[in-house]
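So the structure is just underneath, and the comments pick up after that.
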Amino acid sequence: MTKQAKSTERPVRVGLISLGCAKNLVDAEIMLGSLMQGGVEITNDAAAADVVIVNTCSFIDSAQEESVDTILQSGELREARNRGQGLIVSGCLPQRFRDELPKLLPEVDAFMGIDQVAQVTAIVHQAMAHRKQRLAALPAAARKGKSAIVDRFAELDRTRDLTEHEAEENLRATKKFGQTRTVVTPAPAAPAPTPAPADSPLTNVTERPVYIPDFATPRFRLTPKHFAYVKIAEGCNHPCSFCIIPRMRGTHRSRVQSDIVREARQLLADGVRELNLISQDSTYYGLDLRPAASRNIASPEKFSAAAKALPADATTLSTLLRELNNLPGDFWIRLLYTHPAHWTDELITTIAECPKVARYIDIPLQHIHENMLERMRRETSQQYIVDLIARIRAGIPGIALRTTFIVGFPGETERYFKTLLEFIRETRFERLGIFTYSQEDGTRAGRMEGQLSDKVKQHRRDLAMAEQLLVARSVSESFVGKEIKVLVEGEASAKELRKANISSWEHGLIREADQGTRQLKGRYLIARGEADAPDIDGRVYVRGQIPIGTFAKVKVVGHTDYDLIAEAK
Numbered sequence: 298m299t300k301q302a303k304s305t306e307r308p309v310r311v312g313l314i315s316l317g318c319a320k321n322l323v324d325a326e327i328m329l330g331s332l333m334q335g336g337v338e339i340t341n342d343a344a345a346a347d348v349v350i351v352n353t354c355s356f357i358d359s360a361q362e363e364s365v366d367t368i369l370q371s372g373e374l375r376e377a378r379n380r381g382q383g384l385i386v387s388g389c390l391p392q393r394f395r396d397e398l399p400k401l402l403p404e405v406d407a408f409m410g411i412d413q414v415a416q417v418t419a420i421v422h423q424a425m426a427h428r429k430q431r432l433a434a435l436p437a438a439a440r441k442g443k444s445a446i447v448d449r450f451a452e453l454d455r456t457r458d459l460t461e462h463e464a465e466e467n468l469r470a471t472k473k474f475g476q477t478r479t480v481v482t483p484a485p486a487a488p489a490p491t492p493a494p495a496d497s498p499l500t501n502v503t504e505r506p507v508y509i510p511d512f513a514t515p516r517f518r519l520t521p522k523h524f525a526y527v528k529i530a531e532g533c534n535h536p537c538s539f540c541i542i543p544r545m546r547g548t549h550r551s552r553v554q555s556d557i558v559r560e561a562r563q564l565l566a567d568g569v570r571e572l573n574l575i576s577q578d579s580t581y582y583g584l585d586l587r588p589a590a591s592r593n594i595a596s597p598e599k600f601s602a603a604a605k606a607l608p609a610d611a612t613t614l615s616t617l618l619r620e621l622n623n624l625p626g627d628f629w630i631r632l633l634y635t636h637p638a639h640w641t642d643e644l645i646t647t648i649a650e651c652p653k654v655a656r657y658i659d660i661p662l663q664h665i666h667e668n669m670l671e672r673m674r675r676e677t678s679q680q681y682i683v684d685l686i687a688r689i690r691a692g693i694p695g696i697a698l699r700t701t702f703i704v705g706f707p708g709e710t711e712r713y714f715k716t717l718l719e720f721i722r723e724t725r726f727e728r729l730g731i732f733t734y735s736q737e738d739g740t741r742a743g744r745m746e747g748q749l750s751d752k753v754k755q756h757r758r759d760l761a762m763a764e765q766l767l768v769a770r771s772v773s774e775s776f777v778g779k780e781i782k783v784l785v786e787g788e789a790s791a792k793e794l795r796k797a798n799i800s801s802w803e804h805g806l807i808r809e810a811d812q813g814t815r816q817l818k819g820r821y822l823i824a825r826g827e828a829d830a831p832d833i834d835g836r837v838y839v840r841g842q843i844p845i846g847t848f849a850k851v852k853v854v855g856h857t858d859y860d861l862i863a864e865a866k
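To convert, count from 1 in the sequence shown and add 297; that's the numbering used here.
And the structure:
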């Protein structure tokens with residue numbers, strides 16, 4: 298090879314678009330880390346990339362449509378500006394529709410699943426070769442419209458046979474209640490064979506994922522320097538009738554505690570000041586690691602009994618929090634995605650005794666009326682939830698509770714909905730989001746009778762958010778005059794000051810136009826308090842000079858509907 302040829306060589310360039318939740322974001326970070334370790338160059342210019350990866354979400358219809366839109370747009374950009382570019386689709390969409398996607402999206406060169414995120418470099422090279430072969434052998438792939446693709450997804454789910462578990466009306470009072478491993482997530486199948494024909498995309502998707510990252514897994518963080526997401530487990534065992542996640546993400550599987558702590562040490566050494574612990578069900582962490590864990594348990598009664606029967610040295614969420622809390626440095630540990638069925642007195646005591654654990658609990662309840670909890674298969678009763686909230690608030694002074702509710706679920710009567718409104722009014726959650734029910738055809742709820750119209754669902758959401766707005770204003774007002782600790786995120790732009798709104802498909806839209814933000818004029822820093830998780834909760838707008846990415850004490854001098862206004866001390 299001549300010197301001139303060597304000088305013109307460049308690494309493979311890959312662009313990545315990641316959609317969906319923080320758990321999906323960690324998968325994207327692992328893919329980027331693996332690619333960089335493999336000598337691949339990462340680019341933000343999609344047109345200049347040799348391969349574009351779209352990391353998809355398939356949780357609800359709107360997220361699924363966003364994923365399809367992004368894939369089609371990426372294909373159109375490729376046709377217009379770089380026909381030799383490979384296109385890879387990863388994440389939850391291939392997990393949900395792995396057999397049908399190659400037919401629906403023939404312009405894609407490769408599909409990869411959750412188990413394959415660390416193998417992405419090899420898949421990138423396969424996609425490039427596949428694209429080159431396709432261009433040489435075939436005309437441009439026939440393109441389907443988004444509506445045709447989305448309609449086909451719905452048809453596939455509608456015609457899928459329900460499992461015995463999904464077909465049953467109720468699990469309560471049956472031997473399967475609280476034992477969901479065998480009825481929710483069957484054993485993983487072998488990876489799908491990779492098709493050879495040039496007109497068929499490559500498929501690398503395990504039917505039931507088993508992968509969980511560890512400290513040795515390469516990772517390139519996409520979050521700001523001062524906070525990170527730490528995935529402590531993957532998968533879910535719960536039988537919720539509205540949720541598709543167990544089918545896509547597989548059975549719950551916990552990381553080894555020492556491995557998580559090792560990652561936390563490295564993140565703190567790199568300047569991270571907030572560790573956000575994430576999984577599908579963080580409160581189940583460690584229970585699958587117990588000796589002879591042949592059964593998975595979901596109900597509060599069985600979970601509590603199993604937790605009490607653990608040996609003294611067993612791994613649990615409490616042992617993890619205590620070890621993280623003992624690490625040196627000034628930082629927050631934020632606990633996200635807890636399930637109400639899996640709270641214990643030990644966990645409440647642990648949080649109260651660990652000052653570095655933020656006084657913030659993310660605990661999606663979904664509804665409060667007994668009949669709706671039954672239909673949703675939440676495995677908790679109304680009285681249990683009321684008692685649990687009382688225990689948490691009594692045991693952890695100053696705790697901020699965040700929850701989400703689903704309105705318009707099949708069979709939700711006006712009376713059931715009013716019970717929810719009363720609960721919101723009386724419980725006074727510090728943070729709350731509302732979903733309108735999304736009819737997912739691959740779920741038990743998607744086939745239930747009593748589906749409500751979009752108009753009714755939206756009206757109920759508006760009423761619930763109006764109720765919470767009164768609570769939120771009161772909560773914000775209670776902070777005025779107090780000093781609080783905040784983590785400074787950056788400087789607020791004029792656009793952010795005008796809008797000051799946050800929305801998240803994962804936690805429900807939590808605000809509309811906030812009229813109180815009109816008072817925000819001039820230079821402000823954006824910060825978050827202990828009661829504010831990244832991207833989904835409120836903000837603290839601070840006047841003053843504070844370094845970005847550091848903690849500071851500020852005095853609250855005002856508030857908007859959902860945010861606080863403060864001055865640096």
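We treat Cβ as the ideally placed atom computed from N, Cα and C, and that holds for glycine.
Nearest-angstrom Cα separation, counted from residue 361 out to residue 431: For the purposes of this step, residue 431 is taken as the residue at position 134 of the sequence shown. For the purposes of this step, residue 361 is taken as the residue at position 64 of the sequence shown. Cα-Cα distance, rounded: 27 Å.
Endpoints, alpha helix (DSSP H) assigned at residue 434: Position 137 of the sequence shown, counted from the first residue, corresponds to residue 434. Annotation for residue 434: the continuous alpha helix (DSSP H) segment containing it runs 417 to 434.
Buried versus exposed, by CB contacts within 10 Å (16 or more), residue 534: Position 237 of the sequence shown holds residue 534. That one is buried.
Beta strand (DSSP E) segment containing residue 311, residue limits: Counting from 1 along the sequence shown, the entry for residue 311 is found at position 14. 310 to 315 is the span of the beta strand (DSSP E), which, as asked, contains residue 311.
Helix, strand or coil at residue 370 according to DSSP, with G and I counted as helix: For the purposes of this step, residue 370 is taken as the residue at position 73 of the sequence shown. Here residue 370 sits in helix by DSSP.
Residue 443, DSSP secondary structure in three states: Within the sequence shown, residue 443 is the residue found at index 146, counting from 1. Three-state DSSP puts residue 443 in a helix.
Counterpart residues of residue 856 in DSSP-defined beta bridges: As a position in the sequence shown, residue 856 is number 559, starting the count at 1. For residue 856, which the question treats as bridged, DSSP gives the partners 861.
Interface flag, residue 412 vs chain B, CB-CB below 9 Å: In the structure shown, chain B cannot be found, because there is only a single protein chain.
Nearest residue (CA-CA) to residue 694, options 720, 665 and 658: Counting from one through the sequence shown, the residue named residue 694 turns up at place 397. Comparing Cα positions, the closest option is 658.
Residue 620 to residue 722 span [Cα, whole Å]: Here the question's residue 620 lines up with position 323 in the sequence shown. Here the question's residue 722 lines up with position 425 in the sequence shown. Approximately 37 Å between the Cα atoms of the pair.
Range of the contiguous alpha helix (DSSP H) that encloses residue 673: Here residue 673 corresponds to residue number 376 of the sequence shown, with the count starting at 1. Element bounds for residue 673: 667 to 673.
Three-state secondary structure (DSSP) of residue 851: Reading the sequence shown from its first residue, position 554 is the one you call residue 851. The DSSP-derived three-state label of residue 851 is strand.
Nearest-angstrom beta carbon gap, residue 384 and residue 343 [assumed within contact, 8 Å]: Your numbering for residue 343 matches position 46 in the sequence shown. Your numbering for residue 384 matches position 87 in the sequence shown. Not really, about 10 Å apart at Cβ, beyond 8 Å.
Buried or exposed by the 16-neighbour rule on C-beta atoms within 10 Å, applied to residue 828: Against the sequence shown, residue 828 aligns to sequence position 531. It counts as buried.
Where residue 571 falls: helix, strand or coil (DSSP): Position 274 of the sequence shown, counting from 1, holds the residue named residue 571. If DSSP states are grouped into helix, strand and coil, residue 571 belongs with the strands.
Integer Cβ distance of residue 311 from residue 368, believed to fall under 8 Å: To locate residue 311, count along the sequence shown from 1; it is residue 14. To locate residue 368, count along the sequence shown from 1; it is residue 71. By a beta-carbon distance limit of 8 Å, residue 311 does not contact residue 368. Their separation comes to about 16 Å.
Local Cβ density within 10 Å of residue 345, reported as buried at 16 or more and exposed below that: Along the sequence shown, read from residue 1 onward, the residue named residue 345 stands at position 48. By the neighbour-count rule (16 or more Cβ atoms within 10 Å), residue 345 is not buried but exposed.
Residues near residue 660 by beta carbon distance below 6 Å, same chain, minus five either side: If you number the sequence shown from 1, residue 660 lands on position 363. Only 635, 637 and 700 meet the Cβ criterion.
Check whether residue 739 and residue 393 have beta carbons under 9 Å apart: Within the sequence shown, the letter at position 442 stands for residue 739. Within the sequence shown, the letter at position 96 stands for residue 393. For the pair residue 739 and residue 393, the CB atoms are nearer than the 9 Å cut-off.
Assigned secondary structure, residue 528 (DSSP; H/G/I helix, E/B strand, else coil): For the purposes of this step, residue 528 is taken as residue 231 along the sequence shown, with counting starting at 1. In the three-state reduction of the DSSP assignment, residue 528 falls in the strand class, which pools E and B.
C-alpha gap between residue 677 and residue 548, whole angstroms: Position 380 of the sequence shown, counting from 1, holds the residue named residue 677. Position 251 of the sequence shown, counting from 1, holds the residue named residue 548. Here the alpha carbon of residue 677 sits roughly 20 Å from the alpha carbon of residue 548.
Outcome for residue 670 when other beta-carbon atoms lying within 10 angstroms are tallied against a minimum of 16: Numbered from 1 along the sequence shown, position 373 holds the residue referred to as residue 670. Burial call: buried.
Inter-residue Cα distance where the pair is residue 754 and residue 649: For the purposes of this step, residue 754 is taken as the residue at position 457 of the sequence shown. For the purposes of this step, residue 649 is taken as the residue at position 352 of the sequence shown. For residue 754 and residue 649, the distance between alpha carbons rounds to 38 Å.
8 Å contact criterion, which residue 390 and residue 353 should meet: CB distance rounded: If you number the sequence shown from 1, residue 390 lands on position 93. If you number the sequence shown from 1, residue 353 lands on position 56. The Cβ separation is near 4 Å, so the contact holds.
Spatial neighbours of residue 643 in its chain, beta-carbon cut-off 6 Å, leaving aside the 5 residues before and after: In the sequence shown, residue 643 corresponds to position 346, counting from 1. Same-chain partners within the cutoff: 615.
Helix, strand or coil at residue 269 according to DSSP, with G and I counted as helix: Absent from the model: residue 269. The displayed extent of the chain is 298 to 866, so no value can be given.
Inter-residue Cα distance where the pair is residue 595 and residue 320: Counting from one through the sequence shown, the residue named residue 595 turns up at place 298. Counting from one through the sequence shown, the residue named residue 320 turns up at place 23. If I take the Cα positions, the gap works out to 21 Å.
Buried versus exposed, by CB contacts within 10 Å (16 or more), residue 857: For the purposes of this step, residue 857 is taken as the residue at position 560 of the sequence shown. Burial call: buried.
Any alpha helix (DSSP H) of 4 or more consecutive residues that is wholly inside the segment 704 to 768: Correct list: 711 to 724.
CA-to-CA distance, residue 668 to residue 464, given in whole angstroms: As a position in the sequence shown, residue 464 is number 167, starting the count at 1. As a position in the sequence shown, residue 668 is number 371, starting the count at 1. Caution applies to residue 464, whose pLDDT of 47 falls short of 50 and renders its modelled position unreliable; the value that the coordinates give is listed next. Cα to Cα, the separation comes out at about 18 Å.
Cβ contact check for the segment 733 to 748 and the segment 773 to 789: 3 or more pairs under 8 Å: Cβ pair count under 8 Å is below three, so no.
Range covered by the alpha helix (DSSP H) that runs through residue 647: As a working mapping, residue 647 is identified with position 350 in the sequence shown. Per DSSP, residue 647 belongs to the alpha helix (DSSP H) from 642 to 650.
CB contact flag (residue 415, residue 348, <9 Å): Stepping through the sequence shown from its first residue, residue 415 is reached at position 118. Stepping through the sequence shown from its first residue, residue 348 is reached at position 51. In this structure, residue 348 does not lie closer than 9 Å to residue 415 by Cβ.
Counted within 10 angstroms of its Cβ, other Cβ atoms place residue 866 as buried (16 or more) or exposed: Taking the first residue of the sequence shown as position 1, residue 866 is located at position 569. By the 10 Å Cβ count, residue 866 comes out exposed.
Cβ separation of residue 546 and residue 532, assumed to be a contact under 8 Å, to the nearest whole Å: Counting from one through the sequence shown, the residue named residue 546 turns up at place 249. Counting from one through the sequence shown, the residue named residue 532 turns up at place 235. For residue 546 against residue 532, the beta-carbon gap comes to about 5 Å, under 8 Å, which counts as contact.
Coarse secondary structure for residue 509, derived from DSSP in three states: For the purposes of this step, residue 509 is taken as residue 212 along the sequence shown, with counting starting at 1. When DSSP states are grouped into helix, strand and coil, residue 509 belongs to the coil group.
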